[in-house]
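> Here you go, one structure.
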Amino acid sequence: MSVGPYRLPTGGAIDRAQALSFRFDGTSLTGFAGDTLASALLANGHRVVGRSFKYHRPRGVLTAGPEEPNALVELRSGARREPNTKATTAELFDGLEAASQNRWPSLRFDIGAAARLAGSAASAGFYYKTFMWPAAFWEKVYEPAIRRAAGLGRASGVEDPDTYEKAFAFCDVLVIGGGPAGLIAALTAGRSGARVILCDEDFVLGGRLNAERTEIDGQPAAIWAAAIATELEALPNVRVMRRTAVVGVYDGGTYAALERVADHLLEPPFGQPRQRFWRIVAKTAVLATGAVERPIVFGGNDKPGVMMAGAVRTYLNRFSVAPGRRVAFFANNDDAWTTAADLRAAGVDLVAVIDSRAEVADHIRAKAGNARVELSAAVADAKGGYGLTSLQIATPKGRIALDADALAVSGGWNPQLGLATHLGGKPQWSERHAAFLLPADLPAGLTVAGAANGMMTTAEALADGAAKGATAADAAGFTAAPAPLPRASDESFAVAPLWQVAASRTKAFVDFQNDVTASDLALSVREGFTSVEHLKRYTTLGMATDQGRTSNVNGLAMLAALTGRGIAETGATRARPPERPVAFGALAGLHRGKHLKPTRLTPSHRWAASEGAVFIEAGPWLRAQWYPRPGEKTWLDSVSREAAAVRSAVGICDVSTLGKIALFGRDVGAFLDRVYCNTFSTLPVGKLRYGLMLREDGFVMDDGTTARLSENEWVMSTTTANAAKVMHHLELARQVLWPQLDVRLASVTEQWAQFAIAGPNARALLERLLGDVSDEVVPYLAARIFDLGGIPARLFRVSFSGERAYEIAVPAQYGDALAHELMWAGEGLGVTPYGTEALGVLRIEKGHVAGNELNGQTTARDLGLGKMMSAKKDYIGRVMAARPALIDPDRPMLAGFRAVDPTKRPRAGAHFLKIGAPETPENDEGYLTSVAFSPALNRWIGLGFIKRGPERVGERIRAYDRMQGGDLELEICAPVFVDPEGTRVHG
Amino acid sequence: MVDLAARSAFDGLLLPIGTGQGVTVHEPAGLGVATILAGPDRAAFAARVRDMFAATLSSGSMHIATPAISFLGTSRNVWLAVGAGGSTFAADLARSLAGVGEVADQSGAYGILDLTGPNAMAVLAKGLPIDLDSSAFAEDAVAVSHIEHIGVIVWRIPGGFRLATPRSSAASFWHWLSASAAEYELGVA
Amino acid sequence: MRIPCPFCGPRDLSEFAYLGDAAPVRPAETSDATAVFDYVYLRANPAGPHRERWYHASGCRLWLTVTRDTRTHEVLFAEEAAP
Ligand SMILES: [Zn+2]
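One line per chain: the protein sequences are A, B and C, in this order. Counting from 3, one number per residue, gives the positions in the first sequence under this note's numbering. Counting from 44, one number per residue, gives the positions in the second sequence under this note's numbering. Counting from 2, one number per residue, gives the positions in the third sequence under this note's numbering.
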C-alpha cells in the first residue's frame with residue numbers, strides 16, 4: 003500500500019495506523035484518517051482535480067478550507083451523488099468515491115478546453131451580449147450548448163435517499179469559529195457559567211493552530227487547542243458543535259447553522275440525518291471566523307501547483323503532505339515567510355522566495371535560510387501545460403525564469419466578516435491591514451474577535467478572544483473572571499498591498515471559480531460598469547459558490563485602481579446569507595413529498611377508508627371525495643349515485659372540517675351583530691341562523707351558521723378554508739375593536755366530529771339513534787343537545803343540499819364510531835356515504851355559494867345576499883360595502899347557468915361573452931365559478947357571476963375558456979335548480 | 044342502546060423504532076381536557092377555583108397542578124385543564140365553575156403524548172422553537188407553540204414532557220416524532 | 002426576528018401574524034365614509050419606531066401592539082393590545 007508519493011514520512015494530525023481507501027475518477031487511492039479529500043489527493047500526486055467553469059482550464063487545489071474555488075468534485079455516486087463538493091472540506095472516509103467536474107471525456111483531455119471558443123468569446127458581459135437575440139435561440143441552441151460545455155457538476159437526478167432535519171438551540175453566548183480566539187472566548191464564557199455553544203465547521207477544533215508550528219504555553223499550538231477542546235467538552239454548560247458552519251445572522255440574535263452530521267460517513271447511521279439545519283437563538287455572540295488569505299493576480303496564477311501560502315502550511319503541518327518537489331513562493335507580507343521556514347523544516351526543496359517589497363527585516367529574511375531571495379520582484383507568469391513547471395519572474399534586473407512545480411502565494415489576509423454584515427453593516431477599509439475590517443454597525447449582541455477583528459497574531463487573537471468572551475458572558479448576565487492569557491508569539495504580519503502584477507502577459511485570474519480575469523475587469527470598466535455591484539453582475543466576479551472569498555477584495559482593489567478611486571471609496575459588495583452553500587434538502591428538513599405540510603385527517607377518516615373512499619386534499623385536510631362502488635366506471639358515476647341517494651334516500655358526510663368557534667359571554671349577541679352583516683342578537687336559545695361576514699373593506703369574508711346553545715353560549719361554524727382566519731378576525735374584534743364587550747372565544751374545531759345526514763330518510767335514520775327528532779322536537783334551524791349513550795351529541799337542523807337534513811356532532815374521539823353507527827342506523831333506508839364532490843353537486847343544484855364564490859372579490863349583493871345586510875345596526879364592512887363601485891348595477895352578479903347541449907361540460911373559470919362578441923377583455927361579462935353534472939336535471943349546470951345576471955334569465959351567452967380550450971353556449975337561469983320553492987327541506 | 048367506543052388520537056400510530064433507551068413515548072388514556080375561560084369577575088373566579096380545587100390560578104403561562112387536575116395557562120385568563128375523569132370531566136368542571144367561568148369540552152380535540160427519557164429534550168429541539176433548559180423553562184412552565192406547523196402545548200412531567208397536539212394532525216405529528224426520535228431508539232410504553 | 006410576547010415570553014417570528022399599523026381607530030357608527038375609508042386604507046409608513054398589530058397565532062392568541070424600528074427590525078416593546 004502506497005502512502006502517496008507526496009506524503010512526508012512523519013508528522014501531521016493524521017492517523018497513519020488507519021488507512022482509508024477511496025476512488026477518484028475511478029482510480030483506487032489510499033489516504034489516512036484525518037485527511038481531507040484534498041490532502042489525500044495531493045499526497046497521491048493528483049495535482050489536477052477539475053476543469054474550470056468557462057475555459058475548462060485544468061485546476062488544482064488552491065486552499066485548505068471552505069474558501070476553495072477550484073477543487074470542486076462530485077462526491078459519492080448514484081442517488082447520493084453531490085456536485086460542487088469542496089475537496090478541501092470533504093473529510094476522507096473509507097470507500098469514498100469522487101469524480102472531477104467540468105471535463106469530457108477525461109480530466110486529462112477535455113474537448114471543451116481543446117476546442118474552446120477563441121479570444122473574447124467568454125469575456126465579461128459575454129452572456130448579455132451574445133444571447134440577446136433571437137429569443138427562441140436561447141432555449142433551443144445556446145442554453146443546451148452552454149449547459150453541456152460548462153456547468154458545475156451534475157445533480158444525481160434521482161431522489162436523495164438520506165434525510166435532513168431542522169433543530170433549535172438556545173444559549174447565552176454563541177461562539178462562531180473554533181480557532182484560537184473562538185476557543186478562548188468559549189472557555190472564558192463557559193467558565194462563567196453561561197450556556198455556550200461553540201460552532202466550528204472543521205472536524206478538529208483549533209482552526210489555524212492545527213496548521214502552524216507555533217507554540218502556546220510552550221507546547222505545540224495544536225496540542226494546546228486539543229486540551230482546550232477537552233476542557234470545553236467537560237463543561238456541562240458548553241456545547242461544542244463540530245462540522246457546523248454558521249451560515250446566517252438574523253434579527254433578534256437568531257443564527258442559522260448547518261451541521262454536517264454524516265457527510266464524513268459512507269452512509270448516515272440508522273435514524274440520523276445527513277445534515278441538520280439549526281436555528282440558534284443567542285443572547286450574545288462572538289464572531290471568531292478568522293481570516294482568509296488572498297491570492298495575487300498574475301499570469302497563469304490558476305495553474306495546478308499554485309497554492310496559497312497558508313494552505314501550503316496546512317498541508318505540510320496538519321496533513322503531512324508536500325505541495326511539490328521544488329517549491330517557490332511569492333508574497334507581499336511577512337507572515338508568508340513562515341511558510342518558507344516550514345517548508346525547510348519539512349525537508350522540501352525551497353527554490354526561491356519572491357517578495358514584491360523592497361525591504362524585508364533580517365529576522366524575517368532568515369526564515370528562508372540559504373534559499374534564493376528576490377525582492378522588489380513578482381511572479382509575472384506561471385507556465386506549464388497540465389500543471390506548474392516554471393515561473394517567469396519580473397525583477398528590477400529584468401525577467402528571469404525559474405523551474406518550480408509548486409508556488410506558494412500570499413497577498414495578505416482578509417478578515418472573514420461576511421456574517422457581521424448580514425444585517426446591513428458595511429465593512430471598513432484599513433490601510434494598515436490592507437483589508438476590510440468590521441463594520442461600525444454590528445448586529446445587536448454580536449462582537450468580533452481574533453483575526454476576524456484584525457488581530458492577526460496568535461497572541462493578539464488569544465487576548466482579543468478572551469476579552470470578547472468575557473464581555474459576551476457579562477452582557478448575557480454572567481460574571482466572567484479574567485483568564486490568565488497563555489503565552490504565544492506575536493508574529494509580524496506587515497504587508498504592502500499588491501493586487502495585480504502589471505508585467506503579466508498571460509491570462510491572470512481574479513475569480514477562479516467563475517473564470518473572471520484581470521482583462522474582464524478592465525473591459526467592464528471600459529464599458530461603464532464601474533460600481534462594485536455592477537461590476538460584480540457584469541463579470542460574475544464573486545458570484546460562484548465560494549462567494550468570492552478569494553477574489554472579492556482583489557477585484558475591488560483592481561476596480562479602485564482602474565477608476566482612480568481609493569478602495570474605501572469604491573466600497574465592498576454586500577454579503578448575504580447563506581455564508582456557505584446550503585442544500586435545499588437541509589432547508590426542507592422533513593418537509594418532503596407528501597410531508598411538505600402537515601395533513602389533517604377527519605375523525606372518521608378510517609371509516610371512510612374502509613368504505614373505499616377516494617381522498618382529496620382540501621387545504622391541509624384529506625377529505626373523502628367520493629366512494630366508488632363495484633361497476634362504476636368513472637368518478638362521475640359514483641358522484642351522481644351519491645347525490646341521487648341524498649335526494650331519494652339519505653346520505654351521510656363528514657363535515658368536521660368546518661371551523662367551529664365557541665363563544666361565551668353576556669354580549670355575544672351584540673358582538674355577532676357587529677361581525678356579521680345580519681342580526682344575531684335576536685336569535686333565541688336553541689336556534690341557529692345563517693350568517694354572512696364581511697371584511698371592513700365591504701367584501702364578503704366568510705359565511706356559516708351560528709347556533710345559540712344557551713343564554714351565554716353560542717357556537718359558530720365557518721368554512722373549512724377560513725377557519726383560522728375567522729378566529730384571528732374575531733379575536734381582533736374582541737380584543738382590539740370592542741374590548742368592553744363580554745365575549746370569550748375558544749376554538750372547538752378539533753373537538754367535534756360532525757356529520758351531515760341529508761335526505762328524505764334522514765329523520766328515520768336519526769330516530770333509531772336519538773329517538774324523536776320530529777319537527778316538533780327539532781324544527782328547521784333548531785339546535786338541540788341529545789344524550790347518545792352517555793355522550794352529549796349536538797343536533798343542528800340545517801341543510802346544504804336542500805333536503806331534510808341534520809348535522810350531528812359528538813366529541814371527536816367518538817367520530818369514527820358514530821360513522822359506523824350512522825351506517826348501521828341507515829340500513830334499509832338506503833343510507834349512502836357521500837363525499838365532497840356530491841356535496842358540491844347538491845349545493846350547486848340549490849344555488850348555495852361556497853369557496854368558489856366567496857373568493858374575496860365578491861360582495862353580498864354580488865352573491866344575491868344583499869338583503870342580508872342590516873340597515874338597523876353598524877357592522878364590519880357596512881360603510882365600505884356601500885361604495886359606488888360595490889353597488890354598481892353592472893357588477894357581475896350570481897346566476898345559474900345550464901349548457902344548451904346538456905351533454906357538454908362547461909369548465910369553471912370560463913369567461914362570459916355575448917354571443918358573437920369577440921373574445922377581448924372589454925367584452926368580458928363575468929365568469930363561471932362552479933360546475934357540476936346534476937343527476938336531478940340530467941345535465942351540466944353551473945354557478946357564476948355575470949353582469950346584471952338576475953335580469954337576464956333566459957339569455958344565451960358564450961362561456962369562453964382560453965386556458966382549457968372551452969367554448970360553449972350556456973343559458974342563464976336562476977341559481978336554484980332544484981326545488982326552488984324550498985319544500986323538500988321540510989319533507 | 045348506542046354505545047360509542049372512543050378512539051384516542053394516536054390509536055394505531057405509535058410503533059416503536061428502538062429499545063426506548065433514549066426516549067419513550069406513551070399516550071395516556073382516558074384524560075379529560077377542557078378549556079376554562081374566566082368570567083369578567085376575576086376575583087369571584089379565583090375564589091371559586093380556590094374553594095373547588097384548592098388551587099390558585101395566576102393568569103400566566105404556568106402549570107398549576109392539583110392531585111386531580113393540571114391547569115395550564117394558555118392565554119390571558121384562559122387555561123387548559125387536563126385530568127382524569129373521562130367523558131364527564133368538562134361537564135363536572137362547568138358545574139364547579141358555573142356563574143364565574145365558562146368551560147369548553149376539548150376531550151377529543153387533542154392527542155396527548157408523554158415523552159420521557161434522557162433524550163426527550165433533544166427530540167423536542169428538532170421541532171419546538173422553545174428553550175426547554177431548566178434555566179429558561181421552569182418546573183411549572185407551559186409553552187403554547189408549534190412543531191413543524193402543528194400546534195402544540197408542552198409542559199413538564201416527571202422525567203420528561205407532556206405534549207398536547209391537535210387530533211386531526213396526529214399522523215403528521217407522529218411522522219415528525221418518529222423520524223426525530225429514531226436515532227434515540229424511540230420506544231413505546 | 003423575535004417578539005417578546007407579554008404572556009408567553011420571547012418567541013420566534015414564525016409564531017406571529019402581522020396586521021399592520023396600530024394607529025388607526027375604527028370610526029364611530031356615525032362617522033362619514035371618508036373617515037372609514039381612511040381607517041381601512043390610509044397608512045403612515047414611518048422610518049423608525051412604529052407601533053404595529055401582531056397576533057400571536059401559534060401561541061396565546063393575544064393581539065399585541067409591538068413597537069418595531071422599521072429600519073433595523075429591532076423590537077423595542079411589546080404589549081397586549083387589549084387595554
Ligand atoms: Zn403569546
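For glycine and all other residues, C-beta sits at the position ideal for the given N, C-alpha and C.
#1: Can you tell me whether DSSP reads Phe38 (chain C) as helix, strand or coil?
#2: Would Gln859 (chain A) be called buried (16 or more neighbouring beta carbons within 10 Å of its own) or exposed?
#3: Among the candidates A:Gly209, A:Ala483, A:Leu43 and A:Pro908, whose CA atom is the shortest distance from the CA of Gly967 (chain A)?
#4: Could you tell me whether the Cβ of Ser122 (chain A) comes closer than 9 angstroms to any Cβ of chain C?
#5: Any chance the CB of Leu156 (chain B) is under 8 angstroms from a heavy atom of ligand 1?
#6: So which residues of chain C does Ser212 (chain B) contact, with C-beta pairs closer than 9 angstroms?
#7: Smallest Cα separation from Glu644 (chain A): which of A:Ser606, A:Glu839, A:Gln742 and A:Ala574?
#8: Return the residues of the region 191–221 of chain B that lie within a Cβ-Cβ distance of less than 8 angstroms from chain C, sorted by chain order.
#9: So within the region 837–883 of chain A, which uninterrupted alpha helix (DSSP H) runs reach at least 4 residues, ignoring any that extend past its ends?
#10: Looking at the secondary structure, which residues open and close the beta strand (DSSP E) in which Met895 (chain A) lies?
#11: Whole angstroms are fine: how far does the CA of Glu233 (chain A) sit from the CA of Ser223 (chain B)?
#12: If we call anything under 9 angstroms between Cβ atoms a contact, is Ala264 (chain A) one with Gln277 (chain A)?
#13: Quick one: what's His189 (chain B) bridged to in DSSP?
#14: Figure out for me which residue from A:Pro398, A:Thr547, A:Trp628 and A:Leu421 has the closest Cα to the Cα of Thr834 (chain A).
#15: Using the beta-carbon count (16 or more within 10 Å), is Glu535 (chain A) buried or exposed?
#16: Can you tell me which of the three DSSP states His69 (chain B) falls into?
#17: Would you list, in sequence order, the uninterrupted beta strand (DSSP E) runs of no fewer than 3 residues that lie entirely inside the region 454–529 of chain A?
#18: With 16 other CB atoms within 10 Å as the buried threshold, where does Met729 (chain A) fall?
#19: Check each candidate in A:Met965, A:Leu972, A:Ala380 and A:Phe947 and name the one with the smallest Cα separation from Ile959 (chain A).
#20: Using a Cβ-Cβ cut-off of less than 9 angstroms, give me the residues of the region 101–132 of chain B that come near chain C, in sequence order.
#21: Contact between the region 157–172 of chain B and the region 189–204 of chain B is defined here as three or more beta-carbon pairs at a separation below 8 angstroms; is this criterion met?
#22: Using alpha carbons as the reference points, say which of A:Phe332, A:Thr29 and A:Thr391 lies closest to Val503 (chain A).
#23: Would you please verify whether the beta carbon of Pro172 (chain B) is less than 9 angstroms from any beta carbon of chain C?
#24: Identify whether Phe935 (chain A) lies in helix, strand or coil by the three-state DSSP scheme.
#25: Given that Pro238 (chain A) touches chain F, what residues does it touch there, using C-beta distances under 9 angstroms?
#26: Report yes if the CB atom of Ala224 (chain A) is closer than 9 angstroms to the CB atom of Asn212 (chain A), and no otherwise.
#27: I'd like to know if Glu16 (chain C) contacts chain A, where contact means its C-beta is closer than 9 angstroms to some C-beta of that chain.
#28: Confirm, please, whether the CB-CB distance from Ala814 (chain A) to Lys470 (chain A) is below 9 angstroms.
#29: Does Ala82 (chain C) come within less than 9 angstroms of chain A when only Cβ atoms are used?
#30: Runs of 4 residues minimum, wholly inside the region 664–742 of chain A: which ones carry the alpha helix (DSSP H) assignment?
#31: Nearest to Asp174 (chain A) by alpha carbon, out of A:Arg193, A:Gly180 and A:Leu440?
#32: Taking 9 angstroms as the CB-CB cut-off, is Ile155 (chain B) touching chain A?
#33: So, for Leu1062 (chain A): in the same chain, excluding its five sequence neighbours on each side, which residues have a beta-carbon less than 7 angstroms away from its beta-carbon?
#34: For my contact list, Val68 (chain B) and Leu229 (chain B) are in at a C-beta cut-off of 8 angstroms; report their separation, rounded to the angstrom.
#35: Of all the CB atoms in chain B, is at least one closer than 9 angstroms to the CB of His730 (chain A)?
#36: Using the three-state DSSP reduction, which class does Asp176 (chain B) fall into: helix, strand or coil?
Short version:
#1: helix
#2: exposed
#3: A:Pro908
#4: Annotation note: pLDDT 46 at Ser122 (chain A) (below 50); position unreliable, no value reported.
#5: no
#6: By Cβ distance, chain C contributes nothing, its closest Cβ being about 13 angstroms from Ser212 (chain B), past 9 angstroms.
#7: A:Glu839
#8: Gly194
#9: 838–847
#10: Pro894 to Ala901
#11: 30 angstroms
#12: yes
#13: B:Gly194
#14: A:Trp628
#15: exposed
#16: strand
#17: 511–513
#18: buried
#19: A:Leu972
#20: Ser102, Gly103, Ser104, Gly116, Thr117, Ser118, Arg119 and Val121
#21: yes
#22: A:Phe332
#23: yes
#24: strand
#25: Here the protein chains are A, B and C, and chain F is not one of them.
#26: yes
#27: no
#28: no
#29: yes
#30: 670–677 and 725–734
#31: A:Arg193
#32: no
#33: Since the first and last residues shown for chain A are 3 and 989, residue 1062 (chain A) lies out of range.
#34: 6 angstroms
#35: no
#36: coil
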